[in-house]
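Participant: Residue 379 in the working numbering sits at position 314 of the sequence shown, with consecutive numbering throughout. Once you've had a glance at the structure underneath, I'll fire off some questions.
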Amino acid sequence: MRYTQYMLNTLKETPADAEVTSHQLMLRTGMIRKVAAGIYSYLPLGLRSLRKVENIVREEMNRAGAIEILMPMVVPGELWQESGRWEQYGKELLRLKDRKEASFCLGPTHEEVVTDIVRREIRSYRQLPLNLYQIQTKFRDEIRPRFGLMRGREFIMKDAYSFDLDEAGADKAYEKMYQAYRRIFERCGLKFRAVEADTGAIGGSFSHEFMVLAESGEDAIVSCDSCEYAANVEKAELRASGQPAPAPGQELQKVLTPARKTIEDVALFLETSAERLVKTLVVQTDTGETVAVLLRGDRELNDIKLTRLLGCNWVELAPEEIVLKVTGSPSGFAGPVGLKLRILADQEVQSMADFITGANEKDAHFTGVNLGRDFTVERFADLRQAVAGDPCPRCSGKLESWRGIEVGHVFKLGTKYSAAMEATVLDDKGQEQVLFMGCYGIGVGRTVAAAIEQNYDENGIIWPMPIAPFQVLVTMVNPKDQEVREASEKLYAELLELGVEVLLDDRDERPGSKFKDADLVGIPLRVTVGSRGIKEGALELQERRNGERTMLPVADAARLLA
Ligand code: ATP
Ligand code: MG
Ligand code: MG
Ligand code: MG
């Protein structure tokens, strides 16, 4: 590609509304342009890196035996009604109507559509195991789209879904995907950890998130310094207090009997009422008990919240935690309407003992709370997250803590969707069996952004070779110099011939500004073609990552670069 025939417009200034490095650099290098909040166009340079990640993902999915399909982005509401998610999924689901008033949504994930395909196509256990995947545009109406491709509303995801006759089969499918994910992120040249993640509503099964380690990451994770243990702090087991954290869901199930409104009702209510970030929820039930629940809620209230509510976890009620207090009517969860929410100020949270014995001010009314029965002060000591230095729950090692960007997520689904949507097959005895499913997602754009978060310096991006938009940049120092032009053109042609992805900077610009752009755009290998070098019969090769320079003999340059 020739720079003069390409569309690559770099910006000198850092755009004011870009908070994290990857977003700033993707804008400055003209990889992406904003169309609306959380909605971007991928310009040529950005698209090249996206495609690189996509191809690595595709190759590894194929290698693992998954089969590529492509499902629609616009999904009929009926399918979502069948699974029950039409009601449960919050405002992240963009719902629309066609001219006949039929309901549709823009797919934020595709369990329903793929389950519908499989229940029609797959009849016998002989057609299993099956893993179907796609690389497709998703839409989630995120409450706070930000950080560019990191948290868009429209974004590209690879989503895969496995179908097996039984749980053992599903475990194998999961393991295959787990290994494929490791390969994918290794091949992308990223430093990452696969961490145990909370499974929420689906419960009972398990899940891992693939976290790219970066300071700007929205997730906190811990990993052991001497064994393989690693977990999202939301999930991390605590050993410090000598008491294990309550099992997910345990406390809530104890207090929420089926006759009452379910916690889902509360979650739905929260979804529509709360506008702030929520981390810890203290709810009072109609038995007068008060339970603290960890919500995923650091960003938005959606179905994720719902899942966290069901799979509750205890957390530290630290001063900086935002605590949401739900006060019930005397009959507890009498219905969403009766619930009032108030977010406590830091000072209030600090004096939790007062709080739990019942703050009687308006809109913060806790009746029947029994200090000692419902809570003791020691109990609150257990409500903490794992931190660096805590003993590892698996060995004698110590935990280290990191920030991470969730680039991938593998999940054992069990029969949640297949049971609701009656996706069954006949087993070897002719018996109908509900399929066991798994789902596996990778954020393609987020992976590109995460790669930049891990690979940059003050001058710009430092692409890992496997996902660099181009592998080699050939800079003509002075395109008006006949010799320079000829030597550059020759090298360019030879590199193309050898299959190297090369960008030729043939612009008539000052060398200084070309070098600045070269640093900013971050192509891993840069060959400078100048008249002095040509006279000496050598071209200068510089590596973007370490700045190392080597001289390449003109005649052999292309071969040495390929
Ligand atoms: P998050 O916790 O960041 O909101 P999620 O857990 O909701 O992500 P999943 O449903 O697990 O996301 O989707 C699979 C993958 O899709 C994620 O691991 C992430 O890489 C990517 N992804 C999810 N939401 C977005 C988004 N808004 N923008 C870009 N990528 C996303
Ligand atoms: Mg999300
Ligand atoms: Mg997540
Ligand atoms: Mg996830």
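C-beta: ideal position from N, C-alpha, C; glycine also.
(1) Do you know how far the Cα of residue 116 is from the Cα of residue 144?
(2) Confirm the yes/no value for this check: CB of residue 474, any heavy atom of ligand 4, distance under 7 Å.
(3) Using DSSP with H/G/I as helix, E/B as strand and the rest coil, what is residue 165?
(4) Let me check one thing: in DSSP terms, what residues is residue 521 bridge-paired to?
(5) Between which two residues does the beta strand (DSSP E) containing residue 223 stretch?
(6) Whole angstroms is fine: what's the gap from residue 120's alpha carbon to residue 512's?
(7) Could you give the residue range of the alpha helix (DSSP H) that holds residue 178?
(8) To the nearest whole angstrom, what separates the beta carbons of residue 261 and residue 300, a pair I think is in contact under 8 Å?
(9) Between the segment 498-513 and the segment 159-171, are three or more C-beta pairs nearer than 8 Å?
(10) From 532, 225 and 281, pick the residue whose C-alpha is nearest to that of residue 201; which is it?
(11) Since residue 557 and residue 538 are thought to touch, with beta carbons under 8 Å apart, how far apart are those beta carbons, to the nearest angstrom?
(12) Is residue 84 near ligand 6, in the sense that its beta carbon is under 7 Å from a heavy atom of that ligand?
(13) DSSP on residue 494, reduced to helix/strand/coil?
(14) Where does residue 625 sit, in a helix, a strand or coil, going by DSSP?
(15) Quick one: complete beta strand (DSSP E) runs, 3+ long, within the segment 528-572?
(16) So, residue 212 versus residue 502, is the Cβ gap smaller than 8 Å?
(17) Is residue 195 buried or exposed, if buried means 16 or more other CB atoms sit within 10 Å of its CB?
(18) Go through its chain and collect everything with a Cβ distance to residue 118's Cβ below 7 Å, but skip five positions before and after it.
(19) Taking C-beta to C-beta, are residue 279 and residue 518 nearer than 8 Å?
(20) Return the bridge partner residues of residue 145 from the DSSP annotation.
(21) Around the C-beta of residue 607, are 16 or more other C-beta atoms found within 10 angstroms, so that it is buried, or is it exposed?
(22) Closest to residue 574 by CA distance: which of 550, 281, 591 and 543 is it?
(23) With C-beta atoms as the reference, is residue 521 less than 8 Å away from residue 90?
(24) Have a look at the DSSP bridge pairing and note the partners of residue 618.
(25) Nearest-angstrom Cα distance between residue 473 and residue 257?
(26) Considering just the uninterrupted stretch of the beta strand (DSSP E) at residue 202, what are its terminal residues?
(27) Heavy atom of ligand 4 less than 7 Å from the Cβ of residue 283, yes or no?
(28) Determine the burial state of residue 86: buried for a count of at least 16 other Cβ atoms within 10 Å of its Cβ, exposed for fewer.
(29) Inspect the beta-carbon positions of residue 559 and residue 623 and report whether they are closer than 8 Å.
(30) Evaluate the contact criterion for the segment 282-290 versus the segment 461-476: three or more CB pairs, one atom per stretch, below 8 Å.
(31) Using only alpha-carbon positions, find the residue among 516, 110 and 218 that is nearest to residue 70.
(32) Assign residue 100 to one of two classes, buried (16 or more other C-beta atoms within 10 Å of its C-beta) or exposed (fewer than that).
(33) Helix, strand or coil: how does DSSP classify residue 85 here?
(34) Can you tell me whether residue 132 is buried or exposed, with buried defined as 16 or more other CB within 10 angstroms of its CB?
(35) Does the segment 544-553 come close enough to the segment 581-591 that 3 or more CB-CB pairs lie under 8 Å?
(36) Measure the C-alpha to C-alpha separation of residue 104 and residue 155 and round it to an integer number of angstroms.
Facilitator: With the structure as the only source:
(1) 31 Å
(2) yes
(3) coil
(4) 526
(5) 219-229
(6) 13 Å
(7) 176-186
(8) About 5 Å; that satisfies the 8 Å criterion.
(9) Because the criterion of three Cβ pairs below 8 Å is not met, the segment 498-513 and the segment 159-171 do not touch.
(10) Checking every option, the nearest Cα to that of residue 201 belongs to 225.
(11) About 11 Å separates the two Cβ atoms, so there is no contact after all.
(12) Looking at this structure, you won't find ligand 6 anywhere; what it does contain is ligand 1, ligand 2, ligand 3 and ligand 4.
(13) coil
(14) helix
(15) 537-541 and 567-570
(16) no
(17) buried
(18) 253, 509, 512, 513 and 532
(19) yes
(20) Partner(s): none; residue 145 has no beta bridge.
(21) buried
(22) 543
(23) For residue 521 and residue 90, yes; Cβs fall inside 8 Å.
(24) 603
(25) In this model, residue 473 and residue 257 are separated by some 10 Å (Cα to Cα).
(26) Counting along the chain, the unbroken beta strand (DSSP E) around residue 202 starts and ends at 195-204.
(27) no
(28) buried
(29) yes
(30) Yes: at least three Cβ pairs fall under 8 Å.
(31) It is 110.
(32) exposed
(33) coil
(34) Exposed, because fewer than 16 other Cβ atoms sit within 10 Å of the Cβ of residue 132.
(35) Counting C-beta pairs closer than 8 Å gives fewer than three between the segment 581-591 and the segment 544-553, which falls short of the contact rule.
(36) The straight-line gap from Cα to Cα measures roughly 20 Å.
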